[in-house]
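Counting in our numbering, the sequence shown runs from 6 upward without gaps.
Cβ atoms here follow ideal geometry from the backbone N, Cα and C, with glycine treated the same way.
Have a look at the structure below, then the notes.
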Amino acid sequence: MPGFYSTLAREAPGVDLQVIASDPFQDGEQMQLDKVDLAISVNDQALAGVVRQNVVRMPFSTLWDPRQLMLTAPLALEDYVAHQHLLVSYRGATRSHIDAALEQKGLKRRVRYVSPHFSSLPYQTGVSGVSGVSGVSGVSGVSGVSGMSGMSGRRHAEGAHRHG
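Quick look at the structure:
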């Protein structure tokens with residue numbers, strides 16, 4: 006954000022920026038209702054009057070605390086499903102696209118903790134036997150980053166703006 010803000014201040018000094026927390030599943034609708042002008046989101050839902058463009062590809066990452074789990078990268082699927090998981094869900098869902106992909110391989114994981122806030126995740130590792138964070142990248146306080154062998158996944162962050 007600092008680089009973006011510096012560029013914005015230099016090239017569009019009359020534009021004010023207000024960053025708000027949002028639900029990526031409602032970003033497009035918020036734009037249609039004129040509640041936001043620009044959204045950067047992982048949601049790829051197509052909506053009338055909203056133009057989308059991929060701005061970055063984010064790899065699927067699994068994080069763990071190496072003081073709790075002695076794992077090596079790349080993480081095998083069997084090791085991945087053998088441990089309990091934390092999940093960020095803006096809607097309180099206990100499943101994600103990861104679970105659907107695992108089911109196609111005949112596998113299942115246990116999601117022990119669900120939160121709508123990424124910021125709560127570092128405080129949950131080691132609590133009540135929960136030791137893994139999946140599907141996120143760069144969570145402070147948790148180390149051990151790995152891709153998973155046997156499973157692919159990338160999420161796109163998209164910039165969307167109203168057309169017209």
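Which word fits residue 48, buried or exposed, when buried means at least 16 other C-beta atoms lie within 10 angstroms of its C-beta?
If you number the sequence shown from 1, residue 48 lands on position 43. It is buried - the Cβ of residue 48 has at least 16 other Cβ atoms within 10 Å.
Check whether the Cβ atoms of residue 123 and residue 93 lie closer than 7 Å to each other.
The count along the sequence shown starts at 1 and reaches residue 123 at position 118. The count along the sequence shown starts at 1 and reaches residue 93 at position 88. The answer is yes: Cβ separation under 7 Å.
Can you name the residues that DSSP bridges to residue 92?
Within the sequence shown, the letter at position 87 stands for residue 92. Residue 92 pairs with 119.
How would you call residue 12, buried or exposed, if buried means at least 16 neighbouring beta carbons within 10 angstroms?
Position 7 of the sequence shown, counted from the start, is the residue given in the question as residue 12. So residue 12 counts as exposed.
Drop a sphere of 10 angstroms on the beta-carbon of residue 32, count the other beta-carbons inside from all chains shown, and report buried for 16 or more, exposed for fewer.
As a working mapping, residue 32 is identified with position 27 in the sequence shown. With 16 or more Cβ atoms within 10 Å of its Cβ, residue 32 is classed as buried.
Sub-7 Å separation of residue 91 and residue 84 beta-carbons:
Stepping through the sequence shown from its first residue, residue 91 is reached at position 86. Stepping through the sequence shown from its first residue, residue 84 is reached at position 79. Result no, Cβ atoms of residue 91 and residue 84 do not sit closer than 7 Å.
So if DSSP puts residue 52 in a beta bridge, which residue, or which two residues, is it bridged to?
The residue given as residue 52 occupies position 47 in the sequence shown. In DSSP, residue 52 forms no bridge with anything.
Taking DSSP as the reference, what is the three-state secondary structure of residue 68?
Reading the sequence shown from its first residue, position 63 is the one you call residue 68. Residue 68: strand per DSSP, three-state reduction.
Looking only at its own chain, which residues have a Cβ that is under 8 Å from the Cβ of residue 27, when we skip the five neighbours before and after it?
Taking the first residue of the sequence shown as 1, we reach residue 27 at position 22. Only 35, 41, 44 and 46 meet the Cβ criterion.
Going by C-alpha to C-alpha distance, which of 79, 62, 52 and 103 sits closest to residue 30?
Here residue 30 refers to the residue found at position 25 of the sequence shown. Residue 52 is the option with its Cα nearest to residue 30.
For residue 25, which of helix, strand or coil comes out of DSSP?
Position 20 of the sequence shown, counting from 1, holds the residue named residue 25. Looking at residue 25 - three-state DSSP - the assignment turns out to be coil, as it is neither helix nor strand.
In whole angstroms, what separates the C-alpha of residue 106 from that of residue 96?
Position 101 of the sequence shown, counting from 1, holds the residue named residue 106. Position 91 of the sequence shown, counting from 1, holds the residue named residue 96. Whole-angstrom Cα-Cα distance: 20 Å.
Can you tell me which of the three DSSP states residue 14 falls into?
Against the sequence shown, residue 14 aligns to sequence position 9. Note: residue 14 maps to helix in three-state DSSP.
Three-state class that DSSP yields for residue 98 in the structure shown
Position 93 of the sequence shown, counting from 1, holds the residue named residue 98. In this structure, residue 98 counts as coil in the three-state DSSP scheme.
Should residue 103 be labelled buried (16 or more other beta-carbon atoms within 10 Å of its own) or exposed?
As a working note, residue 103 is residue 98 in the sequence shown. The residue in question, residue 103, is buried, as its Cβ has 16 or more Cβ neighbours within 10 Å.
Residue 33: first and last residue of the uninterrupted alpha helix (DSSP H) it sits in:
Numbered from its first residue, the sequence shown carries residue 33 at position 28. Segment 32-37, the alpha helix (DSSP H) holding residue 33.
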